[in-house]
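Asks: Position one of the sequence shown corresponds to residue 315 (the working numbering), numbered consecutively onward.
C-beta: ideal position from N, C-alpha, C; glycine also.
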Amino acid sequence: MAATTLNVDSVIEPLEDSLSKLGLEVYPLKVGWYNSLLPASFHLSYPDDSLAVVVLSTPAMFELAFLPFIEEQRFQGLRDPIDQCVKHCVSGAVSQCFPGQKVDVRYDYELLPSRKPRFLAQTAAHVSGAAFYYQQSDVTDQPWADRKMFGVCVHPRFGGWFAIRALLVFEDVTLGPETVQPLPPDCVPTRDGRIQLLEAFNFRWQDWGYRDVVCPVQTYSQKQRDYFSTPPAQRFALLRTWG
Ligand code: B12
């Protein structure tokens with residue numbers, strides 16, 4: 315396929331077709347929307363109008379992609395099995411849908427030699443319109459003195475019951491000036507709501523409460539909660555009990 319034949323629809327449609335049945339969602343963005351918010355050390359070194367696509371996992375990914383992946387025993391007992399599964403799904407879809415096309419695929423867990431993340435997942439999700447990124451600076455008259463509070467993205471349908479898994483950059487596909495940056499839905503508009511959200515994410519993230527900040531259409535199944543509540547080193551043993 316010649317690189318120049320691709321436009322945004324001819325990227326998003328086949329990706330959506332193959333990834334939605336695995337519980338993954340895709341959202342397009344312009345590289346320039348992302349870079350404009352970040353210092354140079356985090357920039358993606360592509361032109362501003364290049365197409366990027368952020369990939370999210372929804373609660374259904376566990377049953378639609380992960381359990382079948384485990385059943386086929388395709389994971390190898392070194393790296394995180396969820397990361398291996400997402401990589402298998404995303405890289406499989408990219409090579410199947412875009413053979414010969416230059417696609418830079420970055421996963422949320424990958425680091426640069428500087429030890430910085432290869433992409434900032436929450437900023438990418440926000441500028442694509444997928445999920446509002448609530449940060450400390452979004453709270454007026456902050457009650458936390460000098461304490462650093464980590465920010466959190468909220469998805470309009472899944473609340474906090476999702477993860478941001480990958481960013482794909484299509485070097486040869488550009489988005490025209492008519493493409494307007496979508497604003498993510500502001501699901502937590504009040505100061506009190508944002509304080510509660512950031513405190514739940516920073517101080518009590520293990521109890522899952524921050525994920526219910528908006529009423530979600532679907533949450534993690536009990537099996538998925540059991541898996542993520544298990545310390546990473548013991549997850550292989552848990553998987554063997556399911557096998
Ligand atoms: Co964590 N973690 N993490 N994490 N973590 C990630 C943030 C992510 C996205 C992983 C994922 O989904 N796959 C999720 C968050 C999902 C969500 O937002 N809904 C996640 C989660 C869920 C967790 C945990 C709950 C554990 C878990 O279940 N996995 C806990 C909760 C936090 C806690 O401790 N209470 C957790 C913990 C951590 C630790 C180990 C503490 C570290 C440090 C956290 C941090 O720095 N935020 C951690 C890391 C390192 C990451 C990781 C790998 C990188 C984050 C990072 O280094 N950011 C990401 C995955 C990824 O991004 N690749 C997951 C760097 C800082 C500097 O970025 O604060 O966003 P920043 O600042 C930038 C923005 O402000 C931007 O510029 C700044 C940079 O200069 N900016 C923007 C400036 N102005 C503006 C304006 C706008 C409008 C926007 C959008 C941006």
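Secondary structure at Y360, three-state DSSP: helix, strand or coil?
Replies: Locating residue 360 in the sequence shown gives position 46, counting from the first residue. It is coil, neither helix nor strand.
Asks: Note down, in chain order, each residue of its chain lying with its Cβ closer than 8 Å to the Cβ of L352, except the 5 sequence neighbours on either side.
Replies: Walking along the sequence shown from the start, residue 352 turns up at place 38. Excluding positions up to five away in sequence, the list reads L434, T437.
Asks: Based on the DSSP secondary-structure assignment, which residues constitute the bridge partners of A366?
Replies: As a working note, residue 366 is residue 52 in the sequence shown. A366 is bridged to L343, V483.
Asks: Let me know the beta strand (DSSP E) ranges lying completely inside the stretch 498-535, each 3 residues or longer, listed in chain order.
Replies: none
Asks: Give the C-beta separation of R393 and V453 to the nearest angstrom, bearing in mind that I take them to be a contact with Cβ-Cβ under 8 Å.
Replies: One-based indexing of the sequence shown puts residue 393 at position 79. One-based indexing of the sequence shown puts residue 453 at position 139. With 8 Å as the limit, R393 and V453 do not qualify as a contact, their Cβ atoms being about 37 Å apart.
Asks: CB of P353 to nearest heavy atom of the ligand B12: below 7 Å?
Replies: Against the sequence shown, residue 353 aligns to sequence position 39. Checking the Cβ of P353 against the ligand B12 gives yes.
Asks: Quick one: measure Cβ to Cβ for K344 and L497, integer angstroms, because I've assumed they're closer than 8 Å.
Replies: If you number the sequence shown from 1, residue 344 lands on position 30. If you number the sequence shown from 1, residue 497 lands on position 183. Contact between K344 and L497 does not hold, since their C-beta atoms are separated by about 14 Å, which reaches or exceeds 8 Å.
Asks: Using a threshold of 7 Å, is the CB atom of D422 nearer than that to any non-hydrogen atom of the ligand B12?
Replies: Your numbering for residue 422 matches position 108 in the sequence shown. Distances taken from the Cβ of D422 to the heavy atoms of the ligand B12 include one shorter than 7 Å.
Asks: If F446 and D397 are in contact, beta carbons under 8 Å, what's the gap, nearest whole angstrom?
Replies: By one-based count along the sequence shown, residue 446 stands at place 132. By one-based count along the sequence shown, residue 397 stands at place 83. The Cβ separation is near 25 Å, so there is no contact.
Asks: Would V368 be called buried (16 or more neighbouring beta carbons within 10 Å of its own) or exposed?
Replies: Taking the sequence shown and counting its residues from 1, one reaches residue 368 at position 54. Counting other Cβ atoms within 10 Å of its Cβ, V368 reaches 16 or more and is therefore classed as buried.
Asks: Please go through the same chain and pick out, in chain order, the residues whose beta-carbon is closer than 6 Å to the beta-carbon of A477, but skip the five residues on each side of it.
Replies: Here residue 477 refers to the residue found at position 163 when the sequence shown is read from its first residue. For A477, where only same-chain residues beyond five positions count, the Cβ hits under 6 Å are S371.
Asks: Given 7 Å as the limit, tell me if H440 has its C-beta closer than that to any heavy atom belonging to the ligand B12.
Replies: Taking the sequence shown and counting its residues from 1, the one referred to as residue 440 is at position 126. H440 Cβ: within cutoff of the ligand B12.
Asks: On the DSSP bridge list, what partners appear for H469?
Replies: Counting from one through the sequence shown, the residue named residue 469 turns up at place 155. Looking at the DSSP assignment, H469 forms a beta bridge with G473.
Asks: Which residue's Cα is closest to the Cα of G443: L511, C467, Q456, W522?
Replies: Taking the sequence shown and counting its residues from 1, one reaches residue 443 at position 129. Comparing Cα positions, the closest option is C467.
Asks: Can you tell me the Cβ-Cβ gap for F376 and S535, rounded? I've got them flagged as a contact below 8 Å.
Replies: Residue 376 sits at position 62 when you count from the first residue of the sequence shown. Residue 535 sits at position 221 when you count from the first residue of the sequence shown. Yes, they are in contact, since the Cβ atoms of F376 and S535 sit about 7 Å apart, within 8 Å.
Asks: For M463, I'd like the list of residues in its chain whose CB is within less than 7 Å of its CB, leaving aside the five on either flank, ordered along the chain.
Replies: As a working note, residue 463 is residue 149 in the sequence shown. Q450, L512, N516.
Asks: When we look at the beta-carbon of S409 and count the other beta-carbons within 10 Å, is it buried (16 or more) or exposed?
Replies: To locate residue 409, count along the sequence shown from 1; it is residue 95. Counting Cβ neighbours within 10 Å, S409 comes out exposed, since fewer than 16 surround it.
Asks: How do the stretch 411-418 and the stretch 379-390 stand: do at least 3 beta-carbon pairs fall below 8 Å, yes or no?
Replies: no
Asks: What would DSSP say about L552, mapped onto helix, strand or coil?
Replies: Sequence index remark: in the sequence shown, residue 552 carries index 238 (1-based). Here L552 carries a helix assignment [DSSP, helix/strand/coil].
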